[in-house]
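Below: one structure, written as structure tokens.
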């Protein structure tokens, strides 16, 4: 078990989090810039000393404020890979990897370097200078160096953020493969939701120095605990709601059917609807009347090249009568083009009960 309690007060920021996680897993710390992700890794690594708390990997205690334990970064036997990589440009690839192995014999160092070059698919690059490598190859050198000491825990601080999309995908796969092969403990920091969901066995959502929710990515995406968690993980439709009964909510001027819940009538909450789970339905569809439906117009859209974000406003009863639009709907570009949404602007939308998630205030 990885057991981490960190309390650290900075001038205008407090890091106060507790985390218990199984070993041999990839734990992703996810949140916006400034949430405290990198500070958490720095405290685990020993570069920041908490005011209070305890950090342990199984039975091995790295830090315990109450008992006066505070191992140096070198004594913690952790591997760390930062955004800037911190590779030594005057050393070869092999010498960079071997840098933390000075206490081993020359033969043992050489054997370990050969093993890691093969593990990271750099077998033919040991004699190269760092400047001769691509960005992705440099990342693999930094990863091999972090693994060289056979760390009890590997800390990866947004290591792929400066790379192109395809290289990031390739390196994520390699990290996942290495973790499964080595049965390593990994803490991975990212502010990219897709990266977090793809990599994580367990995902901790951080905000303002605190963990708001920790669970599997699937659980967090399906059922965020609070409206703030929903906002952080990309839920664009977060609407004030009042409970009517066990299966009905009042949202704006409408009543919506939801899956059964145990909240009391008249209680208030927030309805969370992921934008990709709002369905566009043709008015002449035989299923058009099923579920919660609204008829209205697509006001405008924005696209990042892969997805189109549409803003929809109901012609009749409104979900958000004080706003310009009621819902954001995200569709892939190919769906946007196939449905001719640039010209076909009047649509019926459906909100299936299982796509609606209610959080309490």
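In this note's numbering, the protein residues as written are 4 to 364.
No residue lacks a Cβ here, since even glycine has one placed at the ideal position from N, Cα and C.
Quick caveat: nothing in here was measured; it's all calculated off a predicted structure.
{"query": "With a cut-off of 8 angstroms on the beta carbons, I'd call residue 258 and residue 247 a contact; round off their distance for me.", "result": "6 angstroms"}
{"query": "I need the boundaries of the beta strand (DSSP E) containing residue 306, first residue and last residue.", "result": "295–306"}
{"query": "Starting from the C-beta of residue 345, find all residues in its chain whose C-beta is less than 8 angstroms away, skip the five residues before and the five after it, and write them out in chain order.", "result": "339"}
{"query": "Measuring CA to CA, which of 134, 109, 324, 100 is closest to residue 126?", "result": "100"}
{"query": "From the DSSP output, read off the bridge partner residues of residue 192.", "result": "32, 160"}
{"query": "Using a C-beta cutoff of 8 angstroms, does residue 258 count as contacting chain D?", "result": "Looking at the structure shown, chain D is missing, and only one protein chain is on hand."}
{"query": "To which residues does DSSP link residue 243 through a beta bridge?", "result": "273"}
{"query": "For the beta strand (DSSP E) holding residue 311, just list the boundary residues, first then last.", "result": "310–317"}
{"query": "Could you spell out where the beta strand (DSSP E) holding residue 7 opens and where it closes?", "result": "5–12"}
{"query": "Using the Cα positions of residue 70 and residue 6, report the straight-line distance between them to the nearest angstrom.", "result": "16 angstroms"}
{"query": "So what's residue 227 in DSSP terms, helix, strand or just coil?", "result": "coil"}
{"query": "Below 8 angstroms between beta carbons: does that hold for residue 140 and residue 128?", "result": "yes"}
{"query": "Helix or strand or just coil, what does DSSP make of residue 346?", "result": "coil"}
{"query": "Have a look at residue 186 and residue 65 and give me their C-alpha separation to the nearest angstrom.", "result": "21 angstroms"}
{"query": "Alpha carbon to alpha carbon, how far is residue 38 from residue 15?", "result": "13 angstroms"}
{"query": "Using 10 angstroms around the beta-carbon of residue 206, count the other beta-carbons present and answer buried if the total reaches 16, otherwise exposed.", "result": "buried"}
{"query": "Can you tell me which of 88, 31, 149, 333 puts its alpha carbon nearest to the alpha carbon of residue 309?", "result": "333"}
{"query": "Assuming the contact rule is C-beta atoms closer than 8 angstroms, residue 55 and residue 35 should be a hit. Round their C-beta distance to whole Å, please.", "result": "At roughly 25 angstroms, the Cβ-Cβ gap does not stay under 8 angstroms, so residue 55 and residue 35 are not in contact."}
{"query": "Applying the criterion that 16 or more other CB atoms from any shown protein chain within 10 Å of the CB defines a buried residue, is residue 319 buried or exposed?", "result": "exposed"}
{"query": "Once you ignore the five residues that flank residue 149 on each side, which residues in its own chain have a CB closer than 7 angstroms to its CB?", "result": "82, 83, 84, 157"}
{"query": "Determine contact between the segment 188–195 and the segment 109–126, defined as no fewer than three beta-carbon pairs at a distance below 8 angstroms.", "result": "no"}
{"query": "Report yes if the C-beta distance between residue 233 and residue 31 is below 8 angstroms; otherwise report no.", "result": "no"}
{"query": "Classify residue 364 as buried or exposed, calling it buried when 16 or more other Cβ atoms lie within 10 Å of its own Cβ.", "result": "exposed"}
{"query": "Report buried or exposed for residue 123, applying the criterion of at least 16 other Cβ atoms within 10 angstroms of its Cβ.", "result": "buried"}
{"query": "Can you tell me whether residue 27 is buried or exposed, with buried defined as 16 or more other CB within 10 angstroms of its CB?", "result": "exposed"}
{"query": "Considering only the alpha carbon of each residue, which of 279, 295, 337 lies closest to residue 331?", "result": "279"}
{"query": "Going straight from the alpha carbon of residue 118 to that of residue 97, what length do you get?", "result": "11 angstroms"}
{"query": "Less than 8 angstroms between the beta carbons of residue 261 and residue 353, yes or no?", "result": "no"}
{"query": "Roughly how far, in whole angstroms, is the beta-carbon of residue 323 from the beta-carbon of residue 242, given that I think they are within contact range, below 8 angstroms?", "result": "6 angstroms"}
{"query": "What do you reckon, are the CB atoms on residue 329 and residue 316 nearer than 8 angstroms?", "result": "yes"}
{"query": "If we ignore side chains and look at the alpha-carbon of each, how far apart do residue 313 and residue 303 end up?", "result": "6 angstroms"}
{"query": "Helix, strand or coil for residue 187 per DSSP?", "result": "coil"}
{"query": "For residue 271 and residue 326, I'd like the C-alpha separation in whole angstroms.", "result": "20 angstroms"}
{"query": "Counting only the same chain and skipping the five closest in sequence on each side, list residues whose C-beta sits under 7 angstroms from that of residue 146.", "result": "84, 123"}
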